[in-house]
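Undergrad: Pasting a structure below so you can have a look.
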(Lines of atoms letter the chains of each structure in order from A and count residues from 1; the text may use other names and numbers.)
(Lines give C-alpha, C1' and ligand atoms only; values in the text may rest on other atoms or scores of the structure.)
Protein backbone atom coordinates (compact mmCIF):
# COMPACT_ATOMS: atom_id res chain seq x y z
CA UNK A 1 0.00 0.00 0.00
CA UNK A 2 1.19 3.46 -0.70
CA UNK A 3 1.82 5.62 2.36
CA UNK A 4 -1.07 7.96 1.61
CA UNK A 5 -2.78 7.50 4.96
CA UNK A 6 -1.21 8.57 8.18
CA UNK A 7 -0.97 6.22 11.12
CA UNK A 8 -4.03 6.41 13.27
CA UNK A 9 -4.14 5.32 16.86
CA UNK A 10 -7.86 4.64 16.68
CA UNK A 11 -8.89 2.04 14.13
CA UNK A 12 -12.51 1.78 13.11
CA UNK A 13 -14.39 -0.45 10.70
CA UNK A 14 -15.55 2.58 8.78
CA UNK A 15 -12.00 3.91 8.44
CA UNK A 16 -10.67 0.51 7.38
CA UNK A 17 -13.48 0.13 4.84
CA UNK A 18 -12.74 3.54 3.37
CA UNK A 19 -9.02 2.72 3.03
CA UNK A 20 -9.69 -0.66 1.40
CA UNK A 21 -12.19 0.83 -1.03
CA UNK A 22 -9.79 3.63 -1.94
CA UNK A 23 -6.94 1.15 -2.43
CA UNK A 24 -9.07 -1.04 -4.71
CA UNK A 25 -10.21 2.02 -6.68
CA UNK A 26 -6.70 3.36 -7.28
CA UNK A 27 -4.43 0.29 -7.12
CA UNK A 28 -6.75 -2.66 -7.64
CA UNK A 29 -5.11 -3.45 -10.96
CA UNK A 30 -1.90 -4.33 -9.06
CA UNK A 31 -3.55 -7.13 -7.11
CA UNK A 32 -3.41 -10.66 -8.53
CA UNK A 33 -6.71 -12.06 -9.76
CA UNK A 34 -8.07 -14.96 -7.78
CA UNK A 35 -9.33 -17.97 -9.64
CA UNK A 36 -11.43 -20.85 -8.43
CA UNK A 37 -9.78 -23.14 -5.89
CA UNK A 38 -8.32 -26.22 -7.52
CA UNK A 39 -9.89 -29.61 -6.78
CA UNK A 40 -6.63 -30.94 -5.33
CA UNK A 41 -6.58 -28.06 -2.82
CA UNK A 42 -10.18 -28.71 -1.80
CA UNK A 43 -9.42 -32.43 -1.41
CA UNK A 44 -6.42 -31.63 0.78
CA UNK A 45 -8.54 -29.28 2.91
CA UNK A 46 -11.14 -32.02 3.37
CA UNK A 47 -8.48 -34.56 4.36
CA UNK A 48 -6.94 -32.10 6.80
CA UNK A 49 -10.32 -31.42 8.43
CA UNK A 50 -11.04 -35.16 8.65
CA UNK A 51 -7.64 -35.81 10.24
CA UNK A 52 -8.20 -33.03 12.77
CA UNK A 53 -11.62 -34.52 13.62
CA UNK A 54 -10.06 -37.97 14.13
CA UNK A 55 -7.30 -36.58 16.33
CA UNK A 56 -9.86 -34.71 18.42
CA UNK A 57 -11.93 -37.89 18.82
CA UNK A 58 -8.83 -39.89 19.78
CA UNK A 59 -7.75 -37.36 22.41
CA UNK A 60 -11.29 -37.27 23.77
CA UNK A 61 -11.42 -41.08 24.00
CA UNK A 62 -8.03 -41.25 25.75
CA UNK A 63 -9.14 -38.56 28.22
CA UNK A 64 -12.37 -40.47 28.96
CA UNK A 65 -10.38 -43.69 29.46
CA UNK A 66 -7.95 -41.87 31.77
CA UNK A 67 -10.84 -40.49 33.83
CA UNK A 68 -12.43 -43.93 34.14
CA UNK A 69 -9.15 -45.51 35.17
CA UNK A 70 -8.51 -42.72 37.71
CA UNK A 71 -11.86 -43.52 39.25
CA UNK A 72 -11.83 -47.32 39.09
CA UNK A 73 -8.24 -48.51 38.58
CA UNK A 74 -5.40 -45.97 38.81
CA UNK A 75 -2.83 -48.77 38.70
CA UNK A 76 -3.96 -49.79 35.23
CA UNK A 77 -3.33 -46.27 34.02
CA UNK A 78 0.18 -46.14 35.48
CA UNK A 79 1.48 -49.36 33.92
CA UNK A 80 2.46 -47.87 30.56
CA UNK A 81 3.64 -44.44 29.43
CA UNK A 82 0.82 -43.82 26.96
CA UNK A 83 -2.76 -44.96 27.35
CA UNK A 84 -3.35 -45.04 23.61
CA UNK A 85 -0.38 -47.31 22.89
CA UNK A 86 -1.11 -50.78 21.54
CA UNK A 87 0.41 -52.47 24.58
CA UNK A 88 -1.59 -50.40 27.09
CA UNK A 89 -4.85 -51.09 25.26
CA UNK A 90 -4.03 -54.81 25.03
CA UNK A 91 -3.22 -54.86 28.74
CA UNK A 92 -6.49 -53.16 29.66
CA UNK A 93 -8.39 -55.54 27.41
CA UNK A 94 -6.75 -58.55 29.10
CA UNK A 95 -6.87 -57.10 32.63
CA UNK A 96 -9.82 -54.68 32.72
CA UNK A 97 -10.11 -54.55 36.52
CA UNK A 98 -7.81 -54.76 39.54
CA UNK A 99 -9.41 -58.10 40.41
CA UNK A 100 -8.54 -59.55 37.01
CA UNK A 101 -4.90 -58.55 37.55
CA UNK A 102 -4.78 -59.72 41.17
CA UNK A 103 -2.75 -62.85 40.33
CA UNK A 104 -0.35 -60.99 38.07
CA UNK A 105 3.28 -61.22 39.13
CA UNK A 106 6.22 -59.22 37.78
CA UNK A 107 7.42 -62.34 35.95
CA UNK A 108 4.03 -62.99 34.36
CA UNK A 109 3.67 -59.36 33.39
CA UNK A 110 7.15 -59.35 31.83
CA UNK A 111 6.39 -62.55 29.89
CA UNK A 112 3.03 -61.16 28.74
CA UNK A 113 4.73 -57.99 27.50
CA UNK A 114 7.47 -59.94 25.68
CA UNK A 115 4.88 -62.11 23.90
CA UNK A 116 3.36 -58.92 22.51
CA UNK A 117 6.70 -57.53 21.40
CA UNK A 118 6.70 -54.75 23.99
CA UNK A 119 10.07 -53.07 23.93
CA UNK A 120 9.52 -50.65 26.78
CA UNK A 121 12.53 -50.09 28.97
CA UNK A 122 10.70 -51.06 32.14
CA UNK A 123 10.85 -54.47 33.74
CA UNK A 124 7.74 -56.26 34.95
CA UNK A 125 8.65 -55.47 38.55
CA UNK A 126 9.01 -51.76 37.73
CA UNK A 127 5.62 -51.74 36.04
CA UNK A 128 4.06 -53.53 39.00
CA UNK A 129 5.56 -50.90 41.32
CA UNK A 130 3.91 -48.17 39.24
CA UNK A 131 0.58 -49.96 39.61
CA UNK A 132 1.05 -50.46 43.35
CA UNK A 133 2.06 -46.84 43.94
CA UNK A 134 -0.95 -45.61 42.00
CA UNK A 135 -3.40 -47.85 43.77
CA UNK A 136 -2.24 -48.86 47.26
CA UNK A 137 -5.00 -51.47 47.53
CA UNK A 138 -3.51 -53.53 44.71
CA UNK A 139 -0.35 -55.51 45.44
CA UNK A 140 1.64 -57.86 43.26
CA UNK A 141 0.86 -61.49 43.91
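In the numbering used here, the protein residues as written are 4 to 144. Heads up, the beta-carbon is just placed ideally off N, CA and C, and yes, glycines get one too. Keep in mind the model is a prediction, meaning the values are calculated, not measured.
Pick helix, strand or coil for residue 82, following the three-state DSSP scheme.
TA: In the structure shown, residue 82 sits in coil (DSSP, three-state: anything other than H, G, I, E or B).
Undergrad: What three-state label does DSSP hand residue 41 in the structure shown?
TA: Here residue 41 sits in coil by DSSP.
Undergrad: Are there 16 or more other CB atoms within 10 angstroms of the CB of residue 106, so buried, or fewer, so exposed?
TA: It counts as exposed.
Undergrad: Would you mind stating whether residue 86 and residue 62 have Cβ atoms separated by less than 7 Å?
TA: Contact: no.
Undergrad: Whole beta strand (DSSP E) runs in the region 86–119 with 3 or more residues, listed along the chain?
TA: With a minimum length of 3 residues, no continuous beta strand (DSSP E) run stays inside the region 86–119.
Undergrad: Express the C-alpha separation of residue 58 and residue 40 in angstroms, rounding to a whole number.
TA: So the two alpha carbons sit approximately 26 Å from each other.
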